Amino acid sequence: MNILAFDTSTEFCSVTLRLDGQSLNKQVLAGRRHSELLLPMIQETLAEAELPLAQLSGIAFGAGPGSFTGLRIACGVAQGLAFAVDLPVIGISTLEAIAQKNATQKVIVALDARMGEIYHAAYQQFAHRWQTVSAPILCLPNQAPTISGDHWVGCGSGFDAYDKVLSTLYNGHIKKINYALYPHAEAIAQLATHQFADGSGTDPSNAAPIYIRNKVALKESER
């Protein structure tokens, strides 16, 4: 199965081409240049593999949560490429993609959402699939959902930004924190491979970002 995956949900831009379990990966610190960098990175990756777009099995993208602009870029590019050669599309949760980067079974993910908030979710792995323990939400760091049990691993930029608050909140539950973890196309490709194999790919017209937050700036009275 040949899967093209990419993510532009954070300041990083990453592309992965997964060919029967082997991956070609590219990543750059894009800042706000995702729209000019993503397509050339995709073209370079396909050219390196000598694989035409039409020979892909499907396209996966980081659907969010994350940067509103970044999510729209990834979704739009996925739709455009998929429409061009009639391919199925899958949008993968960026929070689950971060969980995928941990070699453990119980993960709490916190992604810095700016404005003093985090995107939060918790997952537990069974038979190489992630099951949602705490559904993705937007919240203040000190109001993150409680988690039962121990031996959890914390990760994501939310732990980088609010380490003291989250470490205190989950004291006795977390065994370690993996800092500086962001969504990456390789993890998205890994997750998407299972879903495409299950027939979960969708028509590109149905692809959509996962925003969670419904506004991007505080009102003057809220500052």
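For the sequence shown, this note's numbering begins at 1373 and goes up steadily by one. C-beta: ideal position from N, C-alpha, C; glycine also. Only a predicted model underlies this, so the values are computations on that prediction, with no experimental measurement involved.
Fill in: Nearest neighbour of A1426, chosen from C1527, A1454, G1393, Y1554 [CA to CA]
Taking the sequence shown and counting its residues from 1, the one referred to as residue 1426 is at position 54. Nearest C-alpha to A1426: A1454.
Fill in: Beta-carbon proximity list for A1580, same chain, < 8 Å, skipping 5 on both sides
To locate residue 1580, count along the sequence shown from 1; it is residue 208. Result list for A1580: A1435, C1447, G1463, in chain order.
Worksheet entry | Rounded separation between L1590 and P1508 - CA only | Sequence index remark: in the sequence shown, residue 1590 carries index 218 (1-based). Sequence index remark: in the sequence shown, residue 1508 carries index 136 (1-based). In this prediction, L1590 scores a pLDDT of 38, lower than 50, which makes its location untrustworthy; the coordinate-derived value is nonetheless stated afterwards. Computed Cα separation, rounded: 21 Å.
Item to complete: Identify every run of the alpha helix (DSSP H) within the segment 1551-1592, keeping only runs that are complete inside it and at least 4 residues long; order them along the chain.
Response: 1557-1569
Worksheet item: Is E1422 near L1401, with beta carbons less than 8 Å apart?
Response: The sequence position of residue 1422 within the sequence shown is 50, counting from 1. The sequence position of residue 1401 within the sequence shown is 29, counting from 1. No. Outside cutoff.
Discussion item. If you reduce the DSSP assignment to three classes, tell me which class R1501 lands in.
Written reply: On the sequence shown, residue 1501 is found 129 positions in, with the first residue counted as 1. Correct three-state label for R1501: strand.
Practice prompt. Report the three-state DSSP secondary structure of H1406 (helix, strand or coil).
Written response: Along the sequence shown, read from residue 1 onward, the residue named residue 1406 stands at position 34. Three-state DSSP puts H1406 in a helix.
Worksheet entry | Cβ neighbours of E1468 in the same chain (closer than 7 Å, five flanking residues each side left out) | Within the sequence shown, the letter at position 96 stands for residue 1468. Hits under 7 Å: Y1495, W1502, L1563.
Worksheet item: Taking K1536 as the reference, which of G1528, T1518, N1514, K1547 has the closest Cα?
Response: Translated into the one-based positions of the sequence shown, residue 1536 becomes position 164. Selected option, being the one with the closest Cα: N1514.
Worksheet item: Mind checking if F1378 is an interface residue toward chain C, Cβ cutoff 8 Å exclusive?
Response: The displayed structure is made up of one protein chain only, and chain C is not part of it.
Worksheet entry | Simplified DSSP assignment, three categories, for K1473 | Looking up residue 1473 in the sequence shown gives position 101. Looking at K1473 - three-state DSSP - the assignment turns out to be coil, as it is neither helix nor strand.
Discussion item. Spatial neighbours of V1457 within its chain, please: C-beta separation below 8 Å, excluding the five flanking residues on both sides.
Written reply: Counting from 1 along the sequence shown, the entry for residue 1457 is found at position 85. Hits under 8 Å: L1425, A1426, L1428.
Discussion item. Taking 8 Å as the threshold (C-beta atoms), are F1378 and F1440 in contact?
Written reply: In the sequence shown, the residue the question calls residue 1440 occupies position 68. In the sequence shown, the residue the question calls residue 1378 occupies position 6. Cβ atoms of F1440 and F1378: not closer than 8 Å.
Worksheet entry | Every unbroken beta strand (DSSP E) inside the segment 1428-1470 [3 residues or more] | 1430-1436, 1461-1465
Practice prompt. Kindly confirm or deny that the segment 1387-1404 and the segment 1549-1560 touch, where touching means at least three C-beta pairs closer than 8 Å.
Written response: yes
Practice prompt. Please work out which residues of its chain come closer than 6 Å, Cβ to Cβ, to G1526, disregarding the five sequence neighbours upstream and downstream, and give them in chain order.
Written response: Taking the first residue of the sequence shown as 1, we reach residue 1526 at position 154. Result list for G1526: I1480, I1546, I1549, in chain order.
Practice prompt. Enumerate, from N- to C-terminal direction, the unbroken beta strand (DSSP E) stretches of 3 or more residues contained entirely within the segment 1508-1532.
Written response: 1524-1527
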